[in-house]
């Protein structure tokens, strides 16, 4: 097994040449994310129809030949739940994968099984079992054991065959364009997430005044820069709740800054001057330069949104069961409420919710908007069916 572990640059480049020649590769990674600003890449796993290999990034200094391939439109890269793999590619190159397949997503487009763990997916699609459980292993430790290497290789061993089965089914169902569109959307969302400033993910920003929001932004940007410089998790530099507390209190002195419980710690005291400087910069901004308040959405019809969202949820769940598509992949409660909100407020086409665009519109868009417009009646058609409801179009007369 250990002979499949690549630790030499020339061997790695030869593997990349092989992948380029065959054009299809299964890909996975092992990483540790508990203590660093970004996850630490500890192992890369590859499988083609002809061979499989592991790559040790602690030994291979230049991984660019692989990242170039991942961004190459001629190379199909097959992953399972590949958020981490896409992010590693974006961090390394600033470029998105061009021809990526995620079998976890694909399964949700041909069945209601989403999301499925790798072992469950192998069993469902291929009727095979995978062994080993190293999900809690410390992949930074060297040397890696034979058991760890075997587990890592198994993570890519079946992906090509799984995708072949899925693709055949998707073609038979006429849903291959659904998969292609969903993979693109998936990558686009991850790209947006990677490029987004971390302060935007702070909870409760819509509750802050413009001045308090300016302080939160200054502190958030400082925290992100400091976390990257020190290679630490954001919360280890400054917790979200403490950052927001500072933004609300607007302290003017070190004593005021450290007055909150949990702020009077040695590490925070060391950074007190920098945090206070953030506060003062935000307080010095002229009113016209303050950020606009964060919208919490349209609240005037919140009760209506909840009731109508639940009604649409019944319709969507029934349609997904009828079409054998995973409900969790099609839309969430938030998506349904967004649809209600947009329908009530007649948003322009470019602001339409995802449930009314692309393959989701093909699946359920007309049904959901017809329910909102009162153009269909809902009744129980078959109590013993997996999709017991019927949606009858009303006679306009």
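In our numbering, the protein residues as written are -12 to 384. Idealized CB from N, CA, C, for every residue including glycine. A quick note: this is a predicted structure, and the numbers were derived from the prediction, not measured.
Exercise for review: Would you identify the three-state DSSP class for residue 258, choosing helix, strand or coil?
Suggested key: Indexing the chain shown from 1 puts residue 258 at position 271. Here residue 258 sits in coil by DSSP.
Exercise for review: Output the distance between the C-alpha atoms of residue 81 and residue 58, rounded to the nearest integer angstrom.
Suggested key: Residue 81 sits at position 94 when you count from the first residue of the chain shown. Residue 58 sits at position 71 when you count from the first residue of the chain shown. Distance between the alpha carbons of residue 81 and residue 58 is about 10 Å.
**Study point:** Nearest neighbour of residue 154, chosen from 94, 129, 186 [CA to CA]
**Key:** Within the chain shown, the letter at position 167 stands for residue 154. Of the listed residues, the one whose Cα sits closest to residue 154 is 94.
Point to revise | Rounded straight-line distance, which links the Cα of residue 347 to that of residue 171 | key: Your numbering for residue 171 matches position 184 in the chain shown. Your numbering for residue 347 matches position 360 in the chain shown. Computed Cα separation, rounded: 14 Å.
Exercise for review: Identify, in the order they occur along the chain, each residue of the same chain with its Cβ nearer than 8 Å to the Cβ of residue 231, setting aside the five sequence neighbours on each side.
Suggested key: Taking the chain shown and counting its residues from 1, one reaches residue 231 at position 244. So the list reads 189, 190, 191, 195, 203, once near-sequence residues are dropped.
Check your understanding: In chain order, what residues of the same chain lie with their CB nearer than 7 Å to the CB of residue 369, ignoring the 5 residues before and after it?
Key -> Within the chain shown, numbered from 1, the residue matching residue 369 stands at position 382. Closer than 7 Å at Cβ, skipping near neighbours: 375.
Point to revise | Pairwise C-alpha distance: residue 175 and residue 44 | key: Mapped onto the chain shown, residue 44 falls at position 57. Mapped onto the chain shown, residue 175 falls at position 188. The alpha-carbon atoms of residue 44 and residue 175 are separated by roughly 26 Å.
Review point. Can you name the start and end residues of the beta strand (DSSP E) that residue 32 belongs to?
Key: Counted from its first residue, the chain shown places residue 32 at position 45. From DSSP, the beta strand (DSSP E) with residue 32 extends over 27 to 34.
Check your understanding: Within 10 angstroms of its Cβ, does residue 53 collect 16 or more other Cβ (buried), or is it exposed?
Key -> The residue you call residue 53 lines up with position 66 of the chain shown. Buried.
Practice item. Taking only runs that begin and end inside the segment 40 to 100, name each unbroken alpha helix (DSSP H) of 4 or more residues, in chain order. Key: 51 to 57, 70 to 80, 90 to 97
Exercise for review: Could you check which residue in 71, 352, 42, 48 has the C-alpha nearest to that of residue 317?
Suggested key: As a working mapping, residue 317 is identified with position 330 in the chain shown. For residue 317, the nearest C-alpha among the options comes from 352.
Check your understanding: What's the C-alpha gap between residue 51 and residue 246?
Key -> The residue given as residue 51 occupies position 64 in the chain shown. The residue given as residue 246 occupies position 259 in the chain shown. When rounded, the distance between both Cα atoms is 48 Å.
Practice item. In the DSSP assignment, find the unbroken alpha helix (DSSP H) run with residue 281 in it and report its ends. Key: The sequence position of residue 281 within the chain shown is 294, counting from 1. Element bounds for residue 281: n/a, residue is neither H nor E.
Exercise for review: May I have the straight-line CA-CA distance separating residue 285 from residue 328, to the nearest angstrom?
Suggested key: Taking the chain shown and counting its residues from 1, one reaches residue 285 at position 298. Taking the chain shown and counting its residues from 1, one reaches residue 328 at position 341. Low local confidence applies: a pLDDT of 48 at residue 285 is under 50, so the model's placement there is unreliable, and no value is given.
Exercise for review: Kindly indicate which three-state DSSP category residue 243 falls into: helix, strand or coil?
Suggested key: As a working mapping, residue 243 is identified with position 256 in the chain shown. Reduced to three states, the DSSP call for residue 243 is helix.
Check your understanding: Expressed to the nearest angstrom, what Euclidean distance is found between the alpha-carbon atoms of residue 111 and residue 30?
Key -> Numbered from 1 along the chain shown, position 124 holds the residue referred to as residue 111. Numbered from 1 along the chain shown, position 43 holds the residue referred to as residue 30. Taking the straight line from one Cα to the other gives about 27 Å.
Practice item. Examine the Cβ distances between the segment 226 to 242 and the segment 294 to 301 and report whether three or more of them are shorter than 8 Å. Key: no
Exercise for review: Return the chain-ordered ranges of every alpha helix (DSSP H) run that is complete within the segment 143 to 178 and spans a minimum of 4 residues.
Suggested key: 146 to 160
**Study point:** Span separating the alpha-carbon of residue 260 from that of residue 185
**Key:** As a first step, residue 260 must be located in the chain shown, where it is residue number 273. As a first step, residue 185 must be located in the chain shown, where it is residue number 198. Straight-line Cα distance between these residues: approximately 22 Å.
Point to revise | Option in 314, 200, 165, 152 with minimal Cα separation from residue 99 | key: Your numbering for residue 99 matches position 112 in the chain shown. Nearest of 314, 200, 165, 152 to residue 99, Cα basis: 314.
Check your understanding: Roughly how many whole angstroms lie between the Cα atoms of residue 97 and residue 156?
Key -> If you number the chain shown from 1, residue 97 lands on position 110. If you number the chain shown from 1, residue 156 lands on position 169. Near 7 Å, if we compare the C-alpha coordinates of residue 156 and residue 97.
Check your understanding: Is the segment 62 to 72 touching the segment 139 to 147, taking contact as three or more C-beta pairs under 8 Å?
Key -> yes
Review point. How would you call residue 270, buried or exposed, if buried means at least 16 neighbouring beta carbons within 10 angstroms?
Key: For this step, residue 270 is matched to residue 283 along the chain shown. Counting Cβ neighbours within 10 Å, residue 270 comes out exposed, since fewer than 16 surround it.
Practice item. Give the secondary structure of residue 287 by DSSP, where H, G and I count as helix, E and B as strand, and everything else as coil. Key: For the purposes of this step, residue 287 is taken as the residue at position 300 of the chain shown. In this prediction, residue 287 has a pLDDT of 48, which is less than 50 and means its spatial position is unreliable; what the coordinates show is noted afterwards. If DSSP states are grouped into helix, strand and coil, residue 287 belongs with coil.
Check your understanding: Quick one: complete beta strand (DSSP E) runs, 3+ long, within the segment 341 to 374?
Key -> 363 to 367
Practice item. Determine the extent of the alpha helix (DSSP H) in which residue 15 is found, giving its start and end residues. Key: In the chain shown, residue 15 corresponds to position 28, counting from 1. Note, residue 15: premise wrong, no alpha helix (DSSP H); beta strand (DSSP E) at 11 to 19.
Point to revise | residue 104 in three-state terms, based on DSSP | key: Your numbering for residue 104 matches position 117 in the chain shown. DSSP places residue 104 in coil when its eight states are reduced to three.
Practice item. Under 6 Å Cβ to Cβ from residue -6, same chain only, skipping five residues before and after it: list those, please. Key: Locating residue -6 in the chain shown gives position 7, counting from the first residue. Only 43, 46 meet the Cβ criterion.
Point to revise | Those residues which DSSP pairs with residue 376 across a bridge | key: Translated into the one-based positions of the chain shown, residue 376 becomes position 389. Paired residues: 367.
Check your understanding: By Cβ distance below 7 Å, which residues in the same chain neighbour residue 71 in space, the five residues on each side in sequence not counted?
Key -> If you number the chain shown from 1, residue 71 lands on position 84. If we look at residue 71 and ignore the five residues flanking it on each side, its Cβ neighbours are 16, 18, 26.
Check your understanding: Going by beta carbon distance, what residues of the same chain come within less than 6 Å of residue 142, once the five residues before and after it are set aside?
Key -> By 1-based counting over the chain shown, the position of residue 142 is 155. Closer than 6 Å at the Cβ level, and outside the excluded window around residue 142, lie 15, 32.
Check your understanding: In chain order, what residues of the same chain have a beta carbon less than 6 Å from the beta carbon of residue 5, not counting five sequence neighbours either side?
Key -> On the chain shown, residue 5 is found 18 positions in, with the first residue counted as 1. Same-chain partners within the cutoff: there are none.
Check your understanding: In whole angstroms, what is the alpha-carbon distance linking residue 254 and residue 262?
Key -> Counted from its first residue, the chain shown places residue 254 at position 267. Counted from its first residue, the chain shown places residue 262 at position 275. Roughly 12 Å between the two C-alpha positions.
Check your understanding: If we ignore side chains and look at the alpha-carbon of each, how far apart do residue 287 and residue 199 end up?
Key -> Along the chain shown, one-based indexing puts residue 287 at 300. Along the chain shown, one-based indexing puts residue 199 at 212. Annotation note: pLDDT 48 at residue 287 (below 50); position unreliable, coordinate value reported separately. Spanning the two alpha carbons is a distance of roughly 25 Å.
Check your understanding: Is residue 65 near the ligand NAP, judged by its Cβ being under 7 Å from some heavy atom?
Key -> Looking for the ligand NAP in the displayed structure turns up nothing, as the structure carries no ligands at all.
Point to revise | Between the CA atoms of residue 150 and residue 105 - distance to the nearest angstrom | key: Counting from 1 along the chain shown, the entry for residue 105 is found at position 118. Counting from 1 along the chain shown, the entry for residue 150 is found at position 163. Going from the Cα of residue 105 to the Cα of residue 150 covers about 13 Å.
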